[in-house]
Amino acid sequence: MTAAVEVADLVKHYPKSTRNAVDGLSFRVRHGEIFGLLGPNGAGKTTTVGILTTRIVLTGGSATIGGVDVARDPVAARSKVAVVPQRVNLDRSLNARQNLLFHASYHGIGRSERHALATRLMERMGLADKSKARIDDLSGGQAQRLMIARALIHRPEVLFLDEPSTGLDPQARLFVHDRVNDLRSEGVTVVLTTHDMEEAEKLSDRVGVVDHGRMLTVDTPTALIRSLPGSGTIDARLRPNGFDSDKLTGLLSDIPGVRRVEAPGGSTALDGVSPETELRLYVDGEPGSLLGPIAAKLHDNDITVSDLSLGSASLEDVFIELTGRDLR
Amino acid sequence: MTGTTQSSIRAFWAVLGRDVFVTGREMPSFLAQVLVQPVALLFIFGKVLGQLGYTQPGYAQILLPGMIALNSFLVALQNTSFPLVLDFSFSREIEDRLLAPLPITWVAVEKMLFGAFRGLFAALLMFPIGLLMLGNVAWDLSGLPFAVLCMVLGSLVGGAVGLTVGAAVPPRRINIMFAVILAPLIFTGASQFPWAQLDQLRWFQVVCAFNPLTYVSEGMRGALLPNVPHMAPWVCLLALLGACVIFGALGIKFFLRRALD
Ligand SMILES: Nc1ncnc2c1ncn2[C@@H]1O[C@H](COP(=O)(O)OP(=O)(O)OP(=O)(O)O)[C@@H](O)[C@H]1O
Ligand SMILES: [Mg+2]
Chain A
1 MTAAVEVADL
11 VKHYPKSTRN
21 AVDGLSFRVR
31 HGEIFGLLGP
41 NGAGKTTTVG
51 ILTTRIVLTG
61 GSATIGGVDV
71 ARDPVAARSK
81 VAVVPQRVNL
91 DRSLNARQNL
101 LFHASYHGIG
111 RSERHALATR
121 LMERMGLADK
131 SKARIDDLSG
141 GQAQRLMIAR
151 ALIHRPEVLF
161 LDEPSTGLDP
171 QARLFVHDRV
181 NDLRSEGVTV
191 VLTTHDMEEA
201 EKLSDRVGVV
211 DHGRMLTVDT
221 PTALIRSLPG
231 SGTIDARLRP
241 NGFDSDKLTG
251 LLSDIPGVRR
261 VEAPGGSTAL
271 DGVSPETELR
281 LYVDGEPGSL
291 LGPIAAKLHD
301 NDITVSDLSL
311 GSASLEDVFI
321 ELTGRDLR
Chain D
1 MTGTTQSSIR
11 AFWAVLGRDV
21 FVTGREMPSF
31 LAQVLVQPVA
41 LLFIFGKVLG
51 QLGYTQPGYA
61 QILLPGMIAL
71 NSFLVALQNT
81 SFPLVLDFSF
91 SREIEDRLLA
101 PLPITWVAVE
111 KMLFGAFRGL
121 FAALLMFPIG
131 LLMLGNVAWD
141 LSGLPFAVLC
151 MVLGSLVGGA
161 VGLTVGAAVP
171 PRRINIMFAV
181 ILAPLIFTGA
191 SQFPWAQLDQ
201 LRWFQVVCAF
211 NPLTYVSEGM
221 RGALLPNVPH
231 MAPWVCLLAL
241 LGACVIFGAL
251 GIKFFLRRAL
261 D
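Laid out in structure tokens, this is it:
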């Protein structure tokens, strides 16, 4: 069976640019899968989506949608895909409902069918009372939902969502997440780009991490987290009793199984009493088995522990591990 | 015919339908946009100056075909270029049509054709208005078919030039577009004077020959007022067809460059 999306050695070089925006990117998305494309700013996510939706011409490599080559047959590819772009591109000369109707007519959907679909989609996107609204009068979240409705009206095989929940409030974000989950049950293939790790983890069957136009890794979120060296964590809250933080960190790092120690919260002074410090220990293997040794070590050094709790790494840790801490 | 071609044709009509729908809704502002200027020109130059005795009797007759030509060419040009500049810059509202299942070239052709339609419509409106304002027109009606042909070609060339300009002008230059492109086109297009009589102003005659509008004006005036000195009809026809092909190709090329990254 052909993949829903197949990208092989994809290269995009923008004219006048010094380096490739996409630089030998490869990945496959299966039918009905929700695939998350993660990456820091400027990693090439939007460019990749642009190529797959025929808006951007590729420089090298190949990209196919359901077996149709986007470079060789863009017209056929366009009827298979839909995209919700990062920026609003609704037709301001038309009202909300007309945006859906005309989009459907471009895609050859008959009159009575497109009216029925428009009504249903407006309702499903929580826009039933906005059908006559002008585009400029819609809020950011409403415009976003309208673009999703527009994308769905021609029943695409693959839906591309470029940062679907940037700028949305928590309610709207949850709403969009629910709609994406609906799509999963309808068997629509979804490719979404995001920086929101929680979102990627929650929605995606598999995620690919992109940086500098290359795919760093592709796997399920769980597998990625498990593969992270030191993927289990233990949070400790303690009174150092005179140990400075370097010494404390060194002490704890010496325990077999502890990979690294970080102080995410810094220390909090408690009215004159010696301050409390919060530390996060990244550990290999089962974190529970290390609770004992850690507690013992701290006790031996007269360090008071007020809390020790288990945690696990998140996709964000994977992301930072792979792409580094530098700002783009 | 393959399935793709069929769906492309359907999409083409739908995209055209969208423009017709939007224009229909904006009819009053469209009419104001296309009529105020030529009617004012016709009124001042054809009526006011004539009655004050500053222009020769008969000048209004020379002016009317020119004004019709001007409208066909210029309205087509403006109605193709201005929306395109905006579309390609901040509004991006054309994107949905660029993602419709039809070749991007066809979208460009649609823009050009629809601009030409609007130009043609504006030109046709000038017929009754001119008749009404000038009272009598002494046209040779046997020349009407050729005049209409020039008008149609004039609109098409206007749409083609509009596509070229609209896709080439960056949005931040839109305000100088009027000064450096539209104004010169209005005044070097032989719509207010017969080109053939410019032999005393040779350099200006040469300048005018580069403006496609000259051939629309001359073709229409020659057909409707055969006694006024004019350019040979075949020259007009050839020049207009040539301009159509050249600017059409150039416009599509620029459009593709803007539409695809
Ligand atoms: N039209 C363009 N012309 C030139 N360079 C571009 C263009 N569009 C994007 N780029 C460059 O290509 C690179 C990738 O950009 P892209 O928009 O694909 O990143 P992204 O992963 O979507 O980032 P973000 O998370 O910020 O949206 C960037 O370095 C960007 O500056
Ligand atoms: Mg982006």
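Read top to bottom, the protein sequences are chains A and D. Be aware that the first sequence starts at 1, since it is given in UniProt numbering, and climbs by one per residue. Be aware that the second sequence starts at 1, since it is given in UniProt numbering, and climbs by one per residue. In this text, a Cβ means the ideal position worked out from N, Cα and C, and glycines have one as well.
Item                                                                                                                                                                       : Value
Is HIS31 of chain A close to chain D? Criterion is C-beta to C-beta, closer than 8 angstroms.                                                                              : no
Please list, in chain order, the residues of the region 69-103 of chain D that have any C-beta partner in chain A closer than 8 angstroms.                                 : SER91, ARG92, GLU93, GLU95, ASP96, ARG97, LEU98, LEU99, ALA100, PRO101, LEU102 and PRO103
Determine the burial state of SER204 of chain A: buried for a count of at least 16 other Cβ atoms within 10 Å of its Cβ, exposed for fewer.                                : buried
Secondary structure at TRP13 of chain D, three-state DSSP: helix, strand or coil?                                                                                          : helix
What does the alpha-carbon distance come out to for the pair residue 262 of chain D and LEU250 of chain D?                                                                 : Not covered by the structure: residue 262 of chain D. The range shown for chain D is 1 to 261.
In chain A, which residues lie less than 8 angstroms from ALA11 of chain D when you measure between Cβ atoms?                                                              : TYR106, HIS107 and GLY108
Along the chain, where does the alpha helix (DSSP H) that runs through GLU198 of chain A open and close?                                                                   : 197-203
List in chain order: all unbroken alpha helix (DSSP H) runs of 4+ residues lying wholly within the region 47-101 of chain A.                                               : 74-80
Relative to ligand 2, is the shortest distance from any of its heavy atoms to the C-beta of ASP129 of chain A smaller than 7 angstroms?                                    : no
If contact means a Cβ-Cβ distance below 9 angstroms, which residues of the region 203-233 of chain A contact chain D?                                                      : none
For VAL216 of chain D and VAL157 of chain D, I'd like the C-alpha separation in whole angstroms.                                                                           : 10 angstroms
Would LEU16 of chain D pass as a contact of PHE114 of chain D if the rule is Cβ separation under 8 angstroms?                                                              : yes
Where LEU168 of chain A and ALA200 of chain A are concerned, what is the direct C-alpha to C-alpha distance, given to the nearest angstrom?                                : 15 angstroms
Do we get a CB-CB distance below 8 angstroms when we pair LEU270 of chain A with the residues of chain D?                                                                  : Model confidence at LEU270 of chain A stands at a pLDDT of 48, short of 50, so the residue's coordinates are unreliable and nothing is read from them.
Measuring straight from C-alpha to C-alpha, what distance separates GLU316 of chain A and THR193 of chain A?                                                               : 15 angstroms
Got a sec, what are the start and stop residues for the alpha helix (DSSP H) LYS253 of chain D sits in?                                                                    : 233-259
Run through chain D and tell me which residues come within less than 9 angstroms of ARG92 of chain A, C-beta to C-beta.                                                    : SER91 and GLU93
Indicate whether at least one CB of chain D lies closer than 8 angstroms to the CB of GLY50 of chain A.                                                                    : yes
For chain D, is any of its Cβ atoms less than 8 angstroms away from the one on HIS115 of chain A?                                                                          : no
Can you tell me which of A:GLU33, A:ARG30 and A:HIS13 puts its alpha carbon nearest to the alpha carbon of GLY50 of chain A?                                               : A:HIS13
Around ligand 2, which residues pass a check of Cβ closer than 7 angstroms to any of its heavy atoms?                                                                      : A:LYS45, A:THR46, A:GLN86, A:ASP162, A:GLU163 and A:THR193
Which same chain residues, not among the five before or five after GLN197 of chain D, have their C-beta less than 7 angstroms away from its C-beta?                        : PRO229
Is ALA14 of chain D close to chain A, meaning its C-beta is less than 8 angstroms from at least one C-beta of that chain?                                                  : yes
At a cut-off of 7 angstroms, would you count SER17 of chain A as near ligand 1, judging by its Cβ distance to the nearest heavy atom?                                      : yes
So is ARG239 of chain A in contact with chain D if we call contact Cβ pairs under 8 angstroms?                                                                             : no
Please look up how many angstroms separate the CB atoms of SER26 of chain A and ALA8 of chain A, rounded, as I've assumed it's under 8 angstroms.                          : 5 angstroms
Is the Cβ-Cβ distance between ALA167 of chain D and PHE247 of chain D less than 8 angstroms?                                                                               : no
Does SER8 of chain D come within less than 8 angstroms of chain A when only Cβ atoms are used?                                                                             : yes
May I ask you to verify whether the region 67-75 of chain D touches the region 180-191 of chain D, counting CB pairs closer than 8 angstroms and requiring at least 3?     : yes
Mind checking whether GLY242 of chain D and MET231 of chain D have CB atoms under 8 angstroms apart?                                                                       : no
Looking at TYR215 of chain D and ligand 1, is the gap between the Cβ and the nearest heavy atom below 7 angstroms?                                                         : no
Taking DSSP as the reference, what is the three-state secondary structure of GLY242 of chain A?                                                                            : coil
Residues in the same chain with beta-carbon distance under 8 angstroms from GLY285 of chain A, minus the five sequence neighbours each way, listed in chain order, please. : GLY232 and GLY257
Are the beta-carbon atoms belonging to TRP139 of chain D and LEU238 of chain D less than 8 angstroms from one another?                                                     : no
What residues of chain D sit near ASN95 of chain A, judged by a beta carbon separation below 9 angstroms?                                                                  : Residues of chain D passing the Cβ test: none, with the nearest at roughly 10 angstroms.
Among A:GLU262, A:ALA77 and A:ALA133, which has the Cα closest to the Cα of LEU98 of chain D?                                                                              : A:ALA77
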